[in-house]
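Below: one structure, written as structure tokens.
Numbering (our numbering), first residue to last: 180 to 321.
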């Protein structure tokens, strides 16, 4: 048998004792074994259910396949509709906060882009006026 002082030193240093290691291993084997048994039972039940349901699936497949496709399309449509609705509400909420001056996230970027577009539009207007004047002067000179 081990010296009790040695065991106490091992516990103080954070080293597990032999009995603690045995208990951990027994617990792991018990838990792992029971989960493995449950997994096997689930697999067996699935195989049996599939074997029993296969004739029914073959008989009703002309009805079930189109029904499954229809249900899938309906669910996809409802999810898309809901997603678009949520997106529309969030956009409307953002626009309301922007119009009321509450500065939602991204409003500074929108203001900067609006200013850049206004500046470019002004520059293009001036260039078009200059081009028109030059074209008009060239036409009058001819």
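Using N, Cα and C, we set each Cβ at its ideal position, and we do this for glycine too.
Let me know the secondary structure DSSP gives residue 261 once reduced to three states.
Residue numbering aside, residue 261 sits at position 82 when the chain shown is read from its first letter. Residue state, collapsed to three classes: helix.
Measure how close the beta-carbons of residue 284 and residue 277 come, nearest whole angstrom, since I'm counting them as under 8 angstroms.
The residue given as residue 284 occupies position 105 in the chain shown. The residue given as residue 277 occupies position 98 in the chain shown. Not really, about 10 angstroms apart at Cβ, beyond 8 angstroms.
Between the CA atoms of residue 217 and residue 206 - distance to the nearest angstrom:
By one-based count along the chain shown, residue 206 stands at place 27. By one-based count along the chain shown, residue 217 stands at place 38. A straight-line Cα-Cα distance of about 17 angstroms links residue 206 and residue 217.
How many angstroms separate the CA atom of residue 245 from the CA atom of residue 251?
In the chain shown, the residue the question calls residue 245 occupies position 66. In the chain shown, the residue the question calls residue 251 occupies position 72. Their backbone Cα atoms lie some 10 angstroms apart in a straight line.
Indicate the three-state DSSP secondary structure (helix, strand or coil) for residue 280 in the structure shown.
Working through the chain shown from its first residue, we reach residue 280 at position 101. Correct three-state label for residue 280: coil.
Secondary structure at residue 212, three-state DSSP: helix, strand or coil?
One-based indexing of the chain shown puts residue 212 at position 33. Residue 212 falls in the helix class under three-state DSSP.
Sequence-distant residues of its chain with Cβ nearer than 7 angstroms to residue 233 (five each side left out):
Here residue 233 is taken as the residue at index 54 of the chain shown, counted from 1. None.
Put residue 196 into one of helix, strand or coil per three-state DSSP.
For the purposes of this step, residue 196 is identified with residue 17 of the chain shown, where counting begins at 1. Residue 196: coil per DSSP, three-state reduction.
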